[in-house]
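*Asks:* Take a look at this one; I'll ask things after.
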Amino acid sequence: MDFLVTPSRLHDAVITVPGDKSISHRALMLGAVARGRTEVRGFLNGDDCLATADAMRALGVEIRMPAATDVVIEGVGLRGLQPPKSDLDLGNSGTAMRLLAGLLAGQRFGTTLRGDESLNSRPMARVVTPLTRMGAAIETDCDGTPPLQIAGGLALRAIHYEMPVASAQVKSAVLLAGLYATGDTSVSEPAVTRDHTERMLRSLGVSVASSASAVTLVGGQEPRGTVIEVPGDLSSATFPMLATLLSQDADTLVKNVGVNLTRCGVIDIFRGMGADISLENTRRYGDEPVADIRVRASRLRGGVVDPGLVSLAIDEFPALFVAAAAAEGTTHFSGLAELRVKESDRLAAMADGLRRLGIAVEETADGATVEGGRFTGGEVNSYHDHRVAMALAMAGTIADDEVLIRGVDNVATSFPGFRECVAGLGADVRLA
Ligand code: S3P
C-alpha cells in the first residue's frame, strides 16, 4: 500500500488518537500472569498489540475483546501459562518480542519467538545477555537476531543489571524475568527511559522500588487483576501535532493523551524549536498522567537538539526530522545511534526521504544535520516503517506538490485510523 498526500490547508480541530502502544502491550502481558480478571479500556487495536494478544492466547490465556478498544483478560496467575502448540509470531513488534523474552525465560516450558523480516533482523543480544546471567538459556541466530528459542524448566536467580544502552524494553524484560527469580532483581539505566512497566506493576499490586540509580523488585510477587485505562499515545499524537505546527494557522486540541514525563521529550524539543504547545486538563488514568494537548501553527527554528532528551523522545525522531526540515535554519541531531536498529534504520530512511523532497541532510554515524527548506513533491520510500511513513505524510501536507509514500502497510501496527484522524485536521492523505 502507498499513501498519496496532497498539499492541504489545515483547519482548527479537536481530535483523539488511539491508545498507547507500550501500555497496551504491558496490560496484556501483566494481565495474563495476574491472579483474576483485568479489564482494559482504550486498548490500542493495532497489529503490534494484536500480535501480543494472540501470543498470550497461545500461552493458554483467555482474552476477549467485547469492543474494539476494550479487552478482558482472565489472568492465569504467575505460574499458570501453558506451553504453546507452535512458535509465537510477533509480527513487526520489538516490544512484544523483548518483553516476552523476559516473561517466558522462567517458565517450565520452552518457546520459540519469531517475527516479520524487519523484526527478524533486529538485535536481541541486549535481552539475551542479562537473561542468560539470570540463568535462562536462549538461542538466537548467529548474528544475535530472532528467532529466539527459549528453554524451559530453568530456575532464575536475581541479578543487578547495568544496562549498556538506554532501553525500556531491556529494563522491562529483566524486571518481568525478575518476577520469576529468587531474590531482588534490579536494573540501572544510563539515561531515563519510559517507566510504564514499573507503574503498571505497582497498579497490579507488585511492589517496585525506584530510586535515582535503580529499579528493584523482589521475585515471586504475583500481580493482581485490575482495571487499566489506557491513555492516547503521545507517539501517535506527535503526527497531527507536527502537521498543525507546520500549518498556516491551525489550532488543534488532541484530547486524552498520555503525558508521562519519561515520554515527553518530543514536547520539550518542539518547544525548543519555537512550538506553541500547552497542556490542558491534566489528570491521571490510574498511575499514568494524561492531558489534552493544544498545539498551534508555529514558526519553527533550527538549533542543536539536546542529546540528553533522546531517550525521552526515542520514537519521535522521524517527526522531529520533518519539523527540522521545515524550520528556519539548521538543526543538529546527535546521540541517535539507537535509531539505526528500530523498525528500519530511521536515520538512513529519513535522510533518504527528506533528500527526495529537496531537503539537504548530512547523515552522521549517530545523527544528522538538517537544513531547513521547502518540500518539493515527489516519491519517497517508508522502508516499511510506520513512523517514517507517517512523518513523511505530514511533510506532504505543506509540500509544493503531491508526495507519494511507498510501503505504508505497517502504519496499522501503531496507528489504525491514521488517515481518518489527520483528515479531521484537513490533511488529504489517500491510499494510492
Ligand atoms: C518501547 C521502548 C522503546 C521504543 C519502542 C517501545 C517500549 O524501545 O522505541 O517503540 O514499549 O518499551 P527501546 O526501549 O528499545 O528504546
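With our numbering as the guide, the letters of the sequence shown map in order to residues 125 to 556. Here a beta-carbon is modelled for each residue, glycine too, at the ideal position from N, C-alpha and C.
To the nearest angstrom, report how far apart residue 431 and residue 498 are at their CA atoms.
*Replies:* Walking along the sequence shown from the start, residue 431 turns up at place 307. Walking along the sequence shown from the start, residue 498 turns up at place 374. Each residue's alpha carbon lies about 26 Å from the other.
*Asks:* Is it true that the CB of residue 306 sits closer than 8 Å to the CB of residue 281?
*Replies:* For the purposes of this step, residue 281 is taken as residue 157 along the sequence shown, with counting starting at 1. For the purposes of this step, residue 306 is taken as residue 182 along the sequence shown, with counting starting at 1. Contact: yes.
*Asks:* Helix, strand or coil for residue 147 per DSSP?
*Replies:* On the sequence shown, position 23 is the one that residue 147 refers to. Residue 147: helix per DSSP, three-state reduction.
*Asks:* Looking at the ligand S3P, does it come within less than 7 Å of residue 139, judged from the CB to the closest heavy atom?
*Replies:* To locate residue 139, count along the sequence shown from 1; it is residue 15. Not under cutoff, so the answer is no.
*Asks:* Confirm the yes/no value for this check: CB of residue 317, any heavy atom of the ligand S3P, distance under 7 Å.
*Replies:* For the purposes of this step, residue 317 is identified with residue 193 of the sequence shown, where counting begins at 1. Residue 317: yes, Cβ under 7 Å from the ligand S3P.
*Asks:* For the ligand FMN, which residues count as neighbours when the test is a C-beta closer than 5 Å to any heavy atom?
*Replies:* With respect to small molecules bound, the structure shown includes the ligand S3P and not the ligand FMN.
*Asks:* Could you spell out where the alpha helix (DSSP H) holding residue 324 opens and where it closes?
*Replies:* Residue 324 sits at position 200 when you count from the first residue of the sequence shown. Residue 324 -> alpha helix (DSSP H) spans 320-327.
*Asks:* Using only the alpha-carbon positions, how far apart do residue 372 and residue 446 sit?
*Replies:* Taking the sequence shown and counting its residues from 1, one reaches residue 372 at position 248. Taking the sequence shown and counting its residues from 1, one reaches residue 446 at position 322. So the alpha carbons of these two residues sit roughly 16 Å apart.
*Asks:* So, with DSSP's three-state summary, where would you put residue 465?
*Replies:* Walking along the sequence shown from the start, residue 465 turns up at place 341. Here residue 465 sits in helix by DSSP.
*Asks:* Name the residue from 366, 261, 215, 152 whose alpha carbon lies nearest to the alpha carbon of residue 245.
*Replies:* Stepping through the sequence shown from its first residue, residue 245 is reached at position 121. Minimum Cα distance to residue 245 is reached at 215.
*Asks:* Taking residue 203 as the reference, which of 260, 232, 501, 325 has the closest Cα?
*Replies:* Locating residue 203 in the sequence shown gives position 79, where the first residue counts as 1. Minimum Cα distance to residue 203 is reached at 232.
*Asks:* Helix, strand or coil: how does DSSP classify residue 189 here?
*Replies:* By 1-based counting over the sequence shown, the position of residue 189 is 65. The answer is strand: DSSP assigns residue 189 an E or B state.
*Asks:* By a C-beta neighbour count over all protein chains shown, 10 Å radius and 16 as the cutoff for buried, is residue 540 buried or exposed?
*Replies:* Position 416 of the sequence shown holds residue 540. Buried, since its Cβ has 16 or more Cβ neighbours within 10 Å.
*Asks:* Output the boundary residues of the alpha helix (DSSP H) element that contains residue 494.
*Replies:* The residue labelled residue 494 in the question sits at position 370 within the sequence shown. Element bounds for residue 494: not the alpha helix (DSSP H) but the beta strand (DSSP E), 491-495.
*Asks:* Looking only at DSSP bridge pairs, what is residue 402 linked to?
*Replies:* Start at 1 with the first residue of the sequence shown, and residue 402 comes out as number 278. DSSP lists 418 as partners of residue 402.
*Asks:* Using only CA atoms, which one of 207, 427, 136, 142 lies nearest to residue 229?
*Replies:* For the purposes of this step, residue 229 is taken as the residue at position 105 of the sequence shown. Of the candidates 207, 427, 136, 142, the one whose C-alpha sits nearest the C-alpha of residue 229 is 207.
*Asks:* DSSP puts residue 285 in a beta bridge; with which residues?
*Replies:* Locating residue 285 in the sequence shown gives position 161, counting from the first residue. Residue 285 is bridged to 311.
*Asks:* What's the C-alpha gap between residue 511 and residue 545?
*Replies:* Position 387 of the sequence shown, counting from 1, holds the residue named residue 511. Position 421 of the sequence shown, counting from 1, holds the residue named residue 545. Their Cα atoms are separated by approximately 15 Å.
*Asks:* Among the candidates 515, 377, 402, whose CA atom is the shortest distance from the CA of residue 549?
*Replies:* Locating residue 549 in the sequence shown gives position 425, counting from the first residue. Taking only the C-alpha atoms, the option nearest residue 549 is 377.
*Asks:* Roughly how many whole angstroms lie between the Cα atoms of residue 156 and residue 318?
*Replies:* Working through the sequence shown from its first residue, we reach residue 156 at position 32. Working through the sequence shown from its first residue, we reach residue 318 at position 194. When rounded, the distance between both Cα atoms is 21 Å.
*Asks:* Where do the ends of the beta strand (DSSP E) carrying residue 274 lie?
*Replies:* Here residue 274 is taken as the residue at index 150 of the sequence shown, counted from 1. Run containing residue 274: 272-274, per the beta strand (DSSP E) assignment.
*Asks:* Mind checking which residues open and close the beta strand (DSSP E) that includes residue 161?
*Replies:* What you label residue 161 is simply residue 37 of the sequence shown in a count that begins at 1. Segment 159-165, the beta strand (DSSP E) holding residue 161.
*Asks:* Can you round the beta-carbon distance between residue 311 and residue 339 to whole angstroms, since I take them to be within the 8 Å contact cut?
*Replies:* Within the sequence shown, the letter at position 187 stands for residue 311. Within the sequence shown, the letter at position 215 stands for residue 339. Confirmed, Cβ separation roughly 5 Å.
*Asks:* Between residue 496 and residue 389, how many whole angstroms is the CB-CB distance? I'm expecting something under 8 Å.
*Replies:* Translated into positions along the sequence shown, residue 496 becomes position 372. Translated into positions along the sequence shown, residue 389 becomes position 265. Contact doesn't hold; Cβ gap of about 21 Å is too wide.
*Asks:* Along the beta strand (DSSP E) that carries residue 457, what are the first and last residues, could you check?
*Replies:* Locating residue 457 in the sequence shown gives position 333, counting from the first residue. Counting along the chain, the beta strand (DSSP E) containing residue 457 begins and ends at 454-457.
*Asks:* Taking its Cβ as the centre, do 16 or more other Cβ atoms sit within 10 Å of residue 466, making it buried, or is it exposed?
*Replies:* Taking the first residue of the sequence shown as 1, we reach residue 466 at position 342. Answer is buried; the Cβ neighbour count reaches 16.
*Asks:* Would DSSP call residue 154 helix, strand or coil?
*Replies:* Along the sequence shown, read from residue 1 onward, the residue named residue 154 stands at position 30. It is helical.
*Asks:* Return the Cβ separation of residue 127 and residue 517 in integer angstroms, given the expectation that the two are a contact with Cβ distance under 8 Å.
*Replies:* The sequence position of residue 127 within the sequence shown is 3, counting from 1. The sequence position of residue 517 within the sequence shown is 393, counting from 1. At roughly 5 Å, the Cβ-Cβ gap stays under 8 Å, so residue 127 and residue 517 are in contact.
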